[in-house]
Amino acid sequence: MAVKVCKFGGTSMADGNVISNVKKIIESDAERRFIVVSAPGKRYSQDVKVTDLLYACHQKLLEDGTCKQAFSAVRSRFQNIVKELNLDFDINSVLDETERRIEQEKSEDFTASRGEYLCARIVAEALNAQFIDSEDVIFFDSDCSFDDKSSYKAISAAVSGVKLAVFPGFYGKDANGKVKTFSRGGSDISGAIVARAVNATLYENWTDVSGFLACDPRIVDSPKNIKTISYRELRELSYMGANVLHADSIFPVRTANIPIRIKNTFRPEDEGTLICPVSRYSPAGSTVTGIAGKKNFTVIFIEKSLMNSEVGFISKVLDVVAEEGIPVEHIPSGIDTMSLVIASDQLEGGKLERVLERIKIAVEPDIMRVIENIALIATVGHGMSSSVGTSAKLFNSIAAAEINVKMIDQGSSEINIIVGVKNCDYEKCIKAIYNGFFK
Ligand code: ASP
150 MAVKVCKFGG
160 TSMADGNVIS
170 NVKKIIESDA
180 ERRFIVVSAP
190 GKRYSQDVKV
200 TDLLYACHQK
210 LLEDGTCKQA
220 FSAVRSRFQN
230 IVKELNLDFD
240 INSVLDETER
250 RIEQEKSEDF
260 TASRGEYLCA
270 RIVAEALNAQ
280 FIDSEDVIFF
290 DSDCSFDDKS
300 SYKAISAAVS
310 GVKLAVFPGF
320 YGKDANGKVK
330 TFSRGGSDIS
340 GAIVARAVNA
350 TLYENWTDVS
360 GFLACDPRIV
370 DSPKNIKTIS
380 YRELRELSYM
390 GANVLHADSI
400 FPVRTANIPI
410 RIKNTFRPED
420 EGTLICPVSR
430 YSPAGSTVTG
440 IAGKKNFTVI
450 FIEKSLMNSE
460 VGFISKVLDV
470 VAEEGIPVEH
480 IPSGIDTMSL
490 VIASDQLEGG
500 KLERVLERIK
510 IAVEPDIMRV
520 IENIALIATV
530 GHGMSSSVGT
540 SAKLFNSIAA
550 AEINVKMIDQ
560 GSSEINIIVG
570 VKNCDYEKCI
580 KAIYNGFFK
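Under the numbering used here, residues 150 to 588 are what the sequence shown spells out, in order.
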C-alpha cells in the first residue's frame, strides 16, 4: 500500500481549530501515515510564532537565570490548543517538565526545539497516534552534519508495525547526545528525512499556500500557479529566493525519486504543486516554469589582455576570495575578461578593499572595476533548453521595458538564464520577463 509522509507547517498548527482541520485531512486518507509537525505559527499577522517565543525564553534565561515569565506565553499557547481540541491530556505536567528541562539544559537548540516537541505530543494525542521523538531517530555527526545512514535505520525501526505516527520536526540529536536543530524552517527537512526513511510514495508538505507561483506575487498580480516542477528547477528557484520550502529539504527525497506535493491546509481541495524527477515531468506547454531573484550583489569585473592563454589566471583570482572565506555566486567570463558576482554582505567590513588589493597583486589586471547594487534574476525551466528563441524572447522583453542588462549567465545545464540588472530595475525586470513568457 502506498505510504504518504505529511509535514504540516506552523500556520497549519497555529491553533486548535486549524489542528482539527489537519486531523480531518489526515483521517480522510489512510495512506497518510507518518506526520511531521512544526511548532505553532502565527494566528494573525501581528502574532508571534512559538519558536520565536522560545528563542526569547532562551535569551531571558541567559540574562536573568530564569525564563519563567517568558515561558508563560508558550504555556498559554499550548493550553489553549489543548482546550480548543477538547483533549483529555494533562498538558500542564508536560509543560512543567519542559520548563524545568529548559532551565536545566540552558541550550538554545533544546529550548527552540520544544515548540515542535509539544506540538507533536498534542497532535499524536488528538490523532490517537504514536509519538516518536525525533531526538531518538534523527542524528547528527560529530561535524554536525546530518547522519543519514543511522537516522534512516532508526526511523524505519521505530515505525515498524506502527499504523500512524507523529514526529516533531526541526530537530534531532548530536554526537554528544544533545538536541540539535536544523536551520530555521527545518521541519521541511525532517519531513523529507522521514519520507526517505520509510520509502514513502509521496511527501506531502502542507502549508498555507496552494503551491508555488511562477513568480513573487508582491511583484506580479496573481501569477500563474506551477502545477509540476522538477527538483532541479525548484533548487534553482529556491536558491534565488522563492521560499515555500526549505531549500535543503529536497536532497533526502530527490535521491530516492520521492515526489513532493505542496498542499494548502486551508484549501485542501486545491491541487497544489508537484515536485518530481525530470523523468516524470511533463512541462505543461510552457518553456519557462518560474522566475525568481535576489537583490544586493557586487560584481568585480577584471580585464587583462591574453587572459585566456595565461595558465591558472582564474584559479589565482578564486584563491584570493576562497582564502578570505567569501562564497562566489557566479563567474561570467569572456576571452580577456572575467567577473566575480558576490553577495554584497559578504564583502562588508573592509573585505572588498582587501580582496581588490590582493587580486591586483595576484594577477596584475589591466582594468578592475566594481559594480555595486546589482540584482540577479533567474528564469528557470526545462523547456528552455529545447525551444528555439527562448533567450531572444527573454532579452526582447527586458529591452522593451528599457532595462539595461549588466550581466548574463546561462547555467551549463541550460535550464536557467540569470541576468544581472540594477537593484532599482529589479521589480520592473521580473514583471517584463513574466509578461513576456506568461501573458
Ligand atoms: N519552528 C521552526 C521555525 O520556526 C522550524 C519550522 O517551522 O520548520 O523555524
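Using N, Cα and C, we set each Cβ at its ideal position, and we do this for glycine too.
Quick caveat, the model's predicted, so the values are computed rather than measured.
- Query: Does the Cβ of G499 lie closer than 7 Å to at least one heavy atom of the ligand ASP?
  - Reply: What you label residue 499 is simply residue 350 of the sequence shown in a count that begins at 1. The ligand ASP never approaches G499 closely enough for any of its heavy atoms to be under 7 Å from the residue's Cβ.
- Task: Would you identify the three-state DSSP class for C364, choosing helix, strand or coil?
- Result: The residue given as residue 364 occupies position 215 in the sequence shown. Reduced to three states, the DSSP call for C364 is coil.
- Query: If you draw a straight line from the C-alpha of F259 to the C-alpha of V343, how long is it?
  - Reply: Taking the first residue of the sequence shown as position 1, residue 259 is located at position 110. Taking the first residue of the sequence shown as position 1, residue 343 is located at position 194. About 21 Å.
- CB contact flag (D292, I230, <8 Å): For the purposes of this step, residue 292 is taken as residue 143 along the sequence shown, with counting starting at 1. For the purposes of this step, residue 230 is taken as residue 81 along the sequence shown, with counting starting at 1. No, Cβ-Cβ distance for D292 and I230 is not below 8 Å.
- To the nearest angstrom, report how far apart N241 and G190 are at their CA atoms. Residue 241 sits at position 92 when you count from the first residue of the sequence shown. Residue 190 sits at position 41 when you count from the first residue of the sequence shown. The alpha-carbon of N241 is positioned some 20 Å away from that of G190.
- Query: Using a Cβ-Cβ cut-off of 7 Å (strictly less than) and excluding sequence neighbours within five positions of I290, which residues of its own chain qualify?
  - Reply: Within the sequence shown, the letter at position 141 stands for residue 290. Rather than Ile, the amino acid found at residue 290 in this sequence is Asp. Result list for D290: D296 and A324, in chain order.
- Message: According to DSSP, is S482 part of a helix, a strand, or is it coil?
- Response: Position 333 of the sequence shown, counting from 1, holds the residue named residue 482. If DSSP states are grouped into helix, strand and coil, S482 belongs with the strands.
- Start and end residues, alpha helix (DSSP H) containing M533: Numbered from 1 along the sequence shown, position 384 holds the residue referred to as residue 533. Taken as a continuous stretch (DSSP letters only), the alpha helix (DSSP H) holding M533 covers G532 to S535.
- Query: For L525, which of helix, strand or coil comes out of DSSP?
  - Reply: For the purposes of this step, residue 525 is identified with residue 376 of the sequence shown, where counting begins at 1. Reduced to three states, the DSSP call for L525 is strand.
- Would you check whether the ligand ASP has a heavy atom nearer than 7 Å to the C-beta of K198? Counting from one through the sequence shown, the residue named residue 198 turns up at place 49. Checking the 7 Å criterion, the Cβ of K198 is within range of a heavy atom belonging to the ligand ASP.
- Message: I want to check one thing, is the minimum distance from the CB of S187 to the heavy atoms of the ligand ASP below 7 Å?
- Response: The residue given as residue 187 occupies position 38 in the sequence shown. The closest heavy atom of the ligand ASP lies less than 7 Å from the beta carbon of S187.
- Task: Taking 8 Å as the cut-off, decide whether the C-beta atoms of S169 and L234 are in contact.
- Result: Reading the sequence shown from its first residue, position 20 is the one you call residue 169. Reading the sequence shown from its first residue, position 85 is the one you call residue 234. With a cutoff of 8 Å on beta-carbon distance, S169 and L234 are scored as near each other.
- Query: Which residue spans inside the segment 309-395 form an unbroken alpha helix (DSSP H) run of at least 4?
  - Reply: If one requires a minimum length of 4 residues, the alpha helix (DSSP H) runs lying completely within the segment 309-395 are 336-346 and 380-388, in chain order.
- Any heavy atom of the ligand ASP closer than 7 Å to the CB of E521? For the purposes of this step, residue 521 is identified with residue 372 of the sequence shown, where counting begins at 1. No, the beta carbon of E521 sits no closer than 7 Å to any heavy atom of the ligand ASP.
- Kindly identify the DSSP beta-bridge partner or partners of Q559. Taking the first residue of the sequence shown as 1, we reach residue 559 at position 410. DSSP lists I566 as the beta-bridge partner residues of Q559.
- C216 (DSSP reduced to helix, strand or coil): Looking up residue 216 in the sequence shown gives position 67. Here C216 sits in coil by DSSP.
- Message: Let me check you understand the geometry: is the CB of D290 closer than 7 Å to at least one non-hydrogen atom of the ligand ASP?
- Response: Residue mapping note: residue 290 aligns to position 141 of the sequence shown, counting from 1. Outside the cutoff, so no.
- Are V490 and F446 touching if we call contact CB-CB under 8 Å? Against the sequence shown, residue 490 aligns to sequence position 341. Against the sequence shown, residue 446 aligns to sequence position 297. At the C-beta level, V490 and F446 come within 8 Å of one another.
- Considering only residues of the same chain and omitting the five flanking positions on each side of K153, which have a CB-CB separation below 8 Å? On the sequence shown, residue 153 is found 4 positions in, with the first residue counted as 1. Correct list, in chain order: D178, E180, R181, R182, F183, A349, T350, L351, Y352 and E353.
- Query: So which of Q195, D558 and S540 has the shortest CA-CA distance to M487?
  - Reply: The residue given as residue 487 occupies position 338 in the sequence shown. Ranked by Cα distance from M487, the first of Q195, D558 and S540 is D558.
- Among C364, K465, D357 and N522, which one has its Cα closest to the Cα of D419? Start at 1 with the first residue of the sequence shown, and residue 419 comes out as number 270. Of the listed residues, the one whose Cα sits closest to D419 is D357.
- Are the CB atoms of F450 and R518 nearer to each other than 8 Å? Within the sequence shown, residue 450 is the residue found at index 301, counting from 1. Within the sequence shown, residue 518 is the residue found at index 369, counting from 1. Yes, Cβ-Cβ distance for F450 and R518 is below 8 Å.
- Message: Can you tell me whether M456 is helix, strand or coil according to DSSP?
- Response: Start at 1 with the first residue of the sequence shown, and residue 456 comes out as number 307. Note: M456 maps to helix in three-state DSSP.
- Work out the CA separation of K500 and E473 for me, nearest whole Å. For the purposes of this step, residue 473 is taken as residue 324 along the sequence shown, with counting starting at 1. For the purposes of this step, residue 500 is taken as residue 351 along the sequence shown, with counting starting at 1. E473 and K500 have their C-alpha atoms some 8 Å from each other.
- Give a single yes or no on whether G334 has its beta carbon closer than 7 Å to a heavy atom of the ligand ASP. Numbered from its first residue, the sequence shown carries residue 334 at position 185. Distance from the C-beta of G334 to the nearest heavy atom of the ligand ASP is below 7 Å.
- Item | Cut-off 8 Å between Cβ atoms - residues of its own chain near P481, not counting five sequence neighbours on either side | Position 332 of the sequence shown, counting from 1, holds the residue named residue 481. Excluding positions up to five away in sequence, the list reads M487, S488, V490, M556, I557 and D558.
- Query: For L276, which residues from the same chain have a beta carbon less than 8 Å from its beta carbon, with the 5 sequence-adjacent residues on both sides left out?
  - Reply: Residue mapping note: residue 276 aligns to position 127 of the sequence shown, counting from 1. If you ignore the 5 residues before and after L276, its C-beta comes within less than 8 Å of the C-beta of K172, I175, E176, I184, L313 and V315, all in its own chain and listed in chain order.
- Query: What did DSSP end up calling Q195 once you bin it into helix, strand or coil?
  - Reply: Walking along the sequence shown from the start, residue 195 turns up at place 46. Taken through DSSP and simplified to helix, strand or coil, Q195 comes out as coil.
- How about F544: is its Cβ closer than 7 Å to a heavy atom in the ligand ASP? Locating residue 544 in the sequence shown gives position 395, counting from the first residue. Look at F544: its beta carbon is at least 7 Å from all of the heavy atoms in the ligand ASP.
- Task: Within its chain, find whatever has a CB closer than 8 Å to the CB of S454; leave out the 5 residues flanking it on each side and keep chain order.
- Result: Numbered from 1 along the sequence shown, position 305 holds the residue referred to as residue 454. Here the set comprises D485 and D515.
- Query: Measuring from the CB of D337, is there a heavy atom of the ligand ASP at a distance below 7 Å?
  - Reply: Translated into the one-based positions of the sequence shown, residue 337 becomes position 188. Result yes, Cβ under 7 Å from the ligand ASP.
- Item | C-alpha distance - R367 paired with V460, whole-angstrom precision | Taking the sequence shown and counting its residues from 1, the one referred to as residue 367 is at position 218. Taking the sequence shown and counting its residues from 1, the one referred to as residue 460 is at position 311. Between R367 and V460, the C-alpha separation is close to 47 Å.
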